[in-house]
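Here the structure is laid out as structure tokens; the discussion comes afterwards.
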């Protein structure tokens, strides 16, 4: 019998448990694709997982024992977080193990150091499962589109945020209502701030941008805005103007630097991304040769994430079965070729803008506001002015601007907010066409 | 200086010319990803391509010289067809060259023999460009979803057919009108039968199914139906029932065998594939772990196809740069593991059906027709009966059936056609939900 490739899984929660089940259930298919059997011989977990019949697999309560186990070729890390998981991955690398991880925070925040460490030891670290669950988007960017100069990418990469926005949009429900339902359905954590404030999406965007542009990971440079301040009225007004609000991660090359930003975005309702609803994820990648290509599917959940973990395991195993290291560089580009192109500050990013303000319902107010925009060099593309409600003397005023520098827009907004005819602050959101 | 990996391109038409330009324009990016420069040193072409400045590349009028050229590592075949291209690829393999091809007919019809020949010589044949242009769908199926038991896949894989159906649908134009416009726009060939009769889609489906299910290529077993008989009225009636008509390639595992079929299909209008319009391609792949994932983009054209050719070239070069053979088997599964699962005859395939017939407008006719269906064990899900036009005594009658065996449906249709109250033949088209 051919010697199997031996796997240790550390963390037997939703993802780790599903990966174990998938490797077991599809063992024959996996062997057919690798040319050698793949066997999970060791599991490191503090708690048992009642969904997993681990049979005669060796269970260790100390995960570090697994990272040092001499018979193991590949370590699958599904613990999560940047504490123990980081120490474990470092220890596994030092012990010459190839590492498969689903840990977006770990890669986005510590990937540069981990890759350097792995390079020294000649081992792989693969992380398809860290971005967009079951969608093989890292492989698409890093290999499938390798011939392209990638110009930009934009994605719905947090299912929780997309579920909440989709429900607000389709059912006219408020943020708070949908959030508590999402928590009951298990789509949102008890502390949902990681998802709703965009941190999770920023982790994923940093990873995607590095593989697309050949730059080091720069999570700390991602401009990040969440969805918790989006009001139902903005969704309604956007729709009147022909737009949907989506929480997007956007990375784009410009002549002045690279844009890296996560924020609520108005997209034309006819756009493919505008029609990705619920917990689905989708990433649109524009290359100079392929043009825009879209990748879409389940972005979270144990089974979908396990699909990516096992695909990565097969990738590494296919190399091991041939007695070689993985031939694809960690971040698509070989280390000496990584680019030092700068990340553009958000003030220098250009986009259209949606503005909503509360203005006095009297002659000359709209003129004063559009004059300020015009003086700042910003063109107005559409205006909605609502009738005042009974007993109110101010009305919602909504404007859509042409493409402009964010810094310039902020200047104009500050001036508008200082008008006595405008009360409160001016809500502003970016508008993107993502058409080419 | 590091020794470059050397490429010969045979065929300098739209695809070959674009691949040459892309390898030249993005040479630095390609080198960064491979770790070694990639250089096109030889081109084999009978005609010059005015879009290509081939500089100091050596041009041969005899392509076979290139396949035998000792300095070349990889041969890119962009000639097309199964005549000269086949001889060239065989000759290149025999000379130990790795082969990158965009030739769907060659792979679908002769792939099994070519892979066997390549296996003996230890060289790669890669063919991402043969299916869906710039969308890296072969890589997604063969590597990105490698952990999954793929249950089914369905795709819009011929841009010409999709353009024609989209235009008929959105603008209410007839097949002949749109076809002549498509020919003027260059979307359809002077002889468009390859695209419109589904041969091109069948080539691509055979390739997709083999990489998804680990079966040998079986192009001759693909059930193939084109779009040239689709009437505008069917598009209108389908829409009334909430469906769009798309030309799909479908491959599905069942307990009885594998379905392989290309035909016009009614899909619910809300389905993601129903909203892929124009010359775009899209493939939906359902795995047991990832669930359905969608891949979408430009399916044809020189630049998009060149994107796939260059990605494949980088893939092979990444292996060569590491001094190894490509680690991914030709058809995803290693040869000894290929499955001999049978292809299901179309009579045994199950789906819903759309039926349209011309029936006398008198009492009892609808009852007689539904009785025949009921006697055959087929449930009716919806009926549209139109008012008769002036001076006509027969009316269009449209039925939607529940899921049934195709053989059973054909029996029922034959009986219905024998009724004196029904004139002409009964138009029937398959209905799919593709929901899980």
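Chains as they are written, first to last, in this note's numbering: chain A, 49 to 484; chain B, 49 to 484. Idealized CB from N, CA, C, for every residue including glycine.
query: So what's residue 482 of chain B in DSSP terms, helix, strand or just coil?
result: coil
- prompt: For chain A, is any of its Cβ atoms less than 9 angstroms away from the one on residue 167 of chain B?
  reply: no
message: Considering only their Cβ atoms, is the gap separating residue 289 of chain A from residue 432 of chain A smaller than 9 angstroms?
response: yes
task: Have a look at B:164, B:185, B:192, B:174 and flag the residue whose alpha-carbon is nearest the alpha-carbon of residue 175 of chain A.
output: The residue with the shortest Cα to Cα distance from residue 175 of chain A is B:192.
Sufficient close CB pairs (3 or more, under 8 angstroms) joining the region 441 to 451 of chain B to the region 404 to 416 of chain B: Segments in contact, yes.
- prompt: DSSP beta-bridge partners for residue 186 of chain A?
  reply: Bridge partners of residue 186 of chain A: none, in fact.
field: Reduced DSSP category for residue 118 of chain B - H, G, I as helix; E, B as strand; rest coil
entry: coil
- request: Return the bridge partner residues of residue 134 of chain B from the DSSP annotation.
  value: In DSSP, residue 134 of chain B forms no bridge with anything.
- request: Spell out the partners DSSP gives residue 45 of chain B in its beta bridges.
  value: One cannot answer for residue 45 of chain B here, as it falls past the ends of chain B, which runs 49 to 484.
Nearest residue (CA-CA) to residue 326 of chain A, options A:446, A:207, A:99, A:342: A:207
message: Using only CA atoms, which one of A:338, A:467, A:358 lies nearest to residue 356 of chain B?
response: A:338
field: Cβ contact check for the region 220 to 239 of chain B and the region 364 to 373 of chain B: 3 or more pairs under 8 angstroms
entry: no
field: Interface flag, residue 294 of chain B vs chain A, CB-CB below 9 angstroms
entry: No - not a single Cβ of chain A is within 9 angstroms of the one on residue 294 of chain B.
message: Can you check which of these residues, B:277, B:124, B:466, is closest to residue 476 of chain B by C-alpha distance?
response: B:277
task: Report buried or exposed for residue 50 of chain B, applying the criterion of at least 16 other Cβ atoms within 10 angstroms of its Cβ.
output: exposed
query: Between the C-alpha atoms of residue 121 of chain B and residue 149 of chain B, what's the straight-line distance to the nearest angstrom?
result: One Cα belongs to residue 121 of chain B, the other to residue 149 of chain B, and the distance between them is close to 14 angstroms.
- request: Find out if the Cβ-Cβ distance for the pair residue 480 of chain A, residue 320 of chain A is shorter than 9 angstroms.
  value: no
- request: Could you name the residues of the region 163 to 196 of chain B whose beta carbon sits closer than 9 angstroms to any beta carbon of chain A, in the order they occur along the chain?
  value: 176, 181, 182, 183, 184, 185, 186, 187, 188, 190, 191, 192, 193, 194, 195, 196
query: Helix, strand or coil: how does DSSP classify residue 291 of chain B here?
result: The answer is strand: DSSP assigns residue 291 of chain B an E or B state.
- request: Whole angstroms is fine: what's the gap from residue 460 of chain A's alpha carbon to residue 340 of chain A's?
  value: The straight-line gap from Cα to Cα measures roughly 34 angstroms.
query: In the structure shown, what three-state DSSP assignment does residue 323 of chain B receive?
result: helix
message: Using C-beta distances below 7 angstroms, list every residue in its chain close to residue 157 of chain B, excluding the 5 sequence neighbours before and after it, in chain order.
response: 130, 267
message: Classify residue 99 of chain B: buried if its beta carbon has 16 or more other beta carbons within 10 angstroms, exposed otherwise.
response: exposed
query: Should residue 377 of chain B be flagged as near chain A, meaning a C-beta pair shorter than 9 angstroms?
result: Yes, residue 377 of chain B counts as interfacial toward chain A.
message: Using a Cβ-Cβ cutoff of 7 angstroms, what residues of the region 326 to 350 of chain A are near chain B? List them in chain order.
response: 335, 337, 338, 339, 340, 341, 342, 343, 344, 345, 346
task: Going by DSSP, name the residue or residues bridged to residue 424 of chain B.
output: Residue 424 of chain B pairs with nothing; no bridge assigned.
message: Once DSSP output is grouped into helix, strand and coil, what is the label at residue 304 of chain A?
response: coil
task: Answer with yes or no whether the minimum CB distance from residue 199 of chain A to chain B is below 9 angstroms.
output: no
Beta carbon of residue 198 of chain A nearer than 9 angstroms to that of residue 336 of chain A: yes
- prompt: How long is the line joining the alpha carbons of residue 205 of chain B and residue 260 of chain B, rounded to whole angstroms?
  reply: 16 angstroms
field: Given residue 280 of chain A as reference, the closest of A:429, A:229, A:225 once Cα atoms are compared
entry: A:225
field: residue 385 of chain A at chain B interface by Cβ criterion, 9 angstroms
entry: Yes, because at least one Cβ of chain B sits closer than 9 angstroms to the Cβ of residue 385 of chain A.
field: Identity of the residues DSSP links to residue 340 of chain A by a beta bridge
entry: A:334
task: List the residues of chain B that residue 367 of chain A touches, going by C-beta distances under 7 angstroms, in chain order.
output: 375
query: How many angstroms separate the CA atom of residue 213 of chain A from the CA atom of residue 231 of chain A?
result: 14 angstroms
query: Do the CB positions of residue 397 of chain B and residue 201 of chain B come within less than 9 angstroms of each other?
result: Between residue 397 of chain B and residue 201 of chain B, the gap from beta carbon to beta carbon reaches 9 angstroms or more.
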